[in-house]
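Residue numbers (this note's numbering), protein chains in the order written: chain A, 1328 to 1665; chain B, 1328 to 1665.
This report refers to the structure that appears directly beneath it.
Here it is, written out as structure tokens:
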């Protein structure tokens, strides 16, 4: 089942989307919004699946599905937690800095609490005041959870995964350093994130989701040029249940929590830092990693961060090459007060 | 006007509360929940004030107001941002550690993004798995905001303050160190916070709120014994508009955002670290600060963190000694899976 929120008020209007992303059917009879459906998922999900089946069979009235009319699946959410599951990324950053990485980083996940009050739709621009802040994409796989108790077991954590989507976790790279030094996490350096048009239930993934990891190439493009295609199941030191267990060590999580696994990052086939796509590598999911690898290989970063007018595209195809979520397509724009 | 959310479903049921906190009237005709009222505040607020006036005049049906029946005013919120506005607190912690405090801390606020998906009602216990985690209270003044644009001016920031309340920002002190070292902020060390029964509009404060700071003693008690009574308008290096401007440097904030000013901390009259109440001082708003002052004065911390069975009370009275918000009264309990 695939779900989307058409732009409408603060929380959008829930629709069920066809597997091929061409059509959608109103889901208002089940729940007005995705959050409302998640609040009562065990009752809502079977009824939404009935609509999905009717939509595939052409037995329900529907409209063309247009990603440009979509808000984020959750336009505002009660929680956005983002882990750094691909420790390779962190190791590279440390290596470029000449800093030792604590051994605990391989067993204790990095995770931050992100702003969840305003999320961008898949085609909404990225508004930034100052290009000098170092505008970067971060392409990630994220899950939407049902209620999770404090001290969740691995089984409870896995069972809490209700939907999967992709995020562009926009990062202002030149503001992260001072915020990391303060230790209090990211407030100014992480503006509003954008999500794919569609959130998808785990059963749609077949063998590409084993209950803990999605394993498909995550495709990023900058200005139309392939930028990254790492395999999301590789080098994922902490899988989703592990990240959920980390988050629930001291507290419960409410239904509708979005939990991310961080920038996807693969080692090169030879075990070294990943190469750009044009050199036969899998590329990157953020410019910061490319700059880090350039620093390691060439002594200094070469690739600039994003400029106003640049375009970012993030998507994922199934093993048959069919788009799963629809694409995030965003322009970077100068923020001006309206 | 005073507002509360009686326990009912995930978001509570909005009521208007009498100034003297004895009675409340249903507000369902205006908005079912406080978040719904905040989503349309310019329309909802005048109608809620009409109910408040009718309640004071005895012209509307009402029920006794019982803080034990209250959820947090926002039982789940889209955002919880907490600044450290009382830099004196941070300076003391650094002094006890023998660490220099960066000069920038006096001009660039510390602020973290907290978990907002589950908040505790004013009489709900604090459930913790392990006493050894160092269970601490943090008594703070917080505001609830309307929508705030990115790059808000000081005037816009001040105008966004719709409601004021108190929080017990529960902190697991022995988990903060490792999380601060990781730089990603507080995920495990800040479990669910609890709020006062009632949120209050700024106009209720008269001279005690100047549009930027509340200036009244913040009263904390541990096991019934007075623990802190610092003056919230003193030593507040960053006032609320300054904190809001910090948060909106790179992004907008959605209506219903809760923004805190951090643990309230006053210097002693002689300019030194504050003394305990039993020594004639104003005491503290968290045990960590008392332990810090003990370290500075006596060479080591003496006061233990909270134990299972301990009781915390946080409240604030007006200049005439009348309670403004009702009290947070929480027992610390061992968390057991149900």
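For every residue, glycine included, the Cβ atom is placed at its ideal position computed from N, Cα and C.
Just so you know, these numbers come straight off a predicted model, no measurement behind them.
Query, Result
"Residues, ordered as in the chain, of the segment 1555-1578 of chain B that lie near chain A by beta-carbon distance below 7 Å", "1574, 1576, 1577 and 1578"
"Bridge partner(s) assigned by DSSP for residue 1439 of chain A", "A:1409"
"DSSP beta-bridge partners of residue 1640 of chain A", "A:1548 and A:1656"
"Short CB-CB distance (under 8 Å) between residue 1439 of chain A and chain B", "yes"
"Beta carbon of residue 1567 of chain B nearer than 8 Å to that of residue 1414 of chain B", "no"
"DSSP bridge partner residues for residue 1650 of chain B (one or two, in chain order)", "B:1644"
"Any chain A beta carbon closer than 8 Å to residue 1600 of chain B", "no"
"Stretch-stretch touch, CB-based, cutoff 8 Å, three pairs: the segment 1638-1656 of chain A with the segment 1521-1535 of chain A", "yes"
"Cross-strand partners of residue 1397 of chain A (DSSP beta bridge)", "A:1333"
"Simplified DSSP assignment, three categories, for residue 1366 of chain B", "helix"
"Reference residue 1562 of chain A, options A:1590, A:1550 and A:1553, closest by Cα", "A:1590"
"Segments assigned alpha helix (DSSP H), at least 4 residues, entirely inside the segment 1552-1629 of chain B", "1567-1574 and 1614-1625"
"Assigned secondary structure, residue 1729 of chain B (DSSP; H/G/I helix, E/B strand, else coil)", "Because chain B here runs from 1328 to 1665, residue 1729 of chain B falls outside it and cannot be looked at."
"Per-residue contacts from residue 1547 of chain B into chain A (C-beta, under 8 Å)", "By Cβ distance, chain A contributes nothing, its closest Cβ being about 22 Å from residue 1547 of chain B, past 8 Å."
"Buried versus exposed call for residue 1332 of chain B [16 or more other C-beta atoms within 10 Å across all chains shown]", "buried"
"CA nearest to the CA of residue 1578 of chain B, picked from A:1612, A:1397 and A:1518", "A:1518"
"Under 8 Å between C-beta atoms of residue 1365 of chain B and residue 1343 of chain B", "no"
"Contacts that residue 1511 of chain A makes with chain B (C-beta to C-beta distance below 7 Å)", "1437, 1438, 1439 and 1512"
"Cut-off 8 Å between Cβ atoms - residues of its own chain near residue 1677 of chain A, not counting five sequence neighbours on either side", "Absent from the structure is residue 1677 of chain A, since the part of chain A shown begins at 1328 and ends at 1665."
"Local conformation of residue 1415 of chain A per DSSP, three classes", "helix"
"Partner residues on chain B for residue 1478 of chain A, Cβ-Cβ distance less than 8 Å", "1456, 1662 and 1664"
"Limits of the unbroken alpha helix (DSSP H) element including residue 1481 of chain B", "1481-1486"
"Three-way DSSP call (helix, strand, coil) for residue 1498 of chain B in this model", "strand"
"Collapsed DSSP secondary structure at residue 1518 of chain B in the structure displayed", "coil"
"Buried versus exposed call for residue 1530 of chain A [16 or more other C-beta atoms within 10 Å across all chains shown]", "exposed"
"Residue-level contact to chain B via CB, residue 1581 of chain A, 8 Å cutoff", "yes"
"Cβ of residue 1291 of chain A within 8 Å of any chain B Cβ", "An answer regarding residue 1291 of chain A cannot be provided, because it is not within the stretch 1328 to 1665 covered by chain A."
"Rounded C-alpha distance that separates residue 1336 of chain A from residue 1581 of chain B", "13 Å"
"Test: residue 1622 of chain B CB closer than 8 Å to a CB of chain A", "no"
"One or two residues paired with residue 1463 of chain B in a DSSP bridge", "B:1498"
"Contact between the segment 1420-1438 of chain A and the segment 1473-1481 of chain A (3+ Cβ pairs under 8 Å)", "no"
"Where residue 1337 of chain B meets chain A, residues with beta-carbon distance less than 7 Å", "1366"
"Beta-carbon separation (whole angstroms), residue 1452 of chain A vs residue 1657 of chain A, contact threshold 8 Å", "6 Å"
"Under 7 Å from the C-beta of residue 1518 of chain B: neighbouring residues of chain A", "1577 and 1578"
"Under 8 Å by beta carbon: chain A residues contacting residue 1584 of chain B", "1444"
"Cross-strand partners of residue 1454 of chain A (DSSP beta bridge)", "A:1660"
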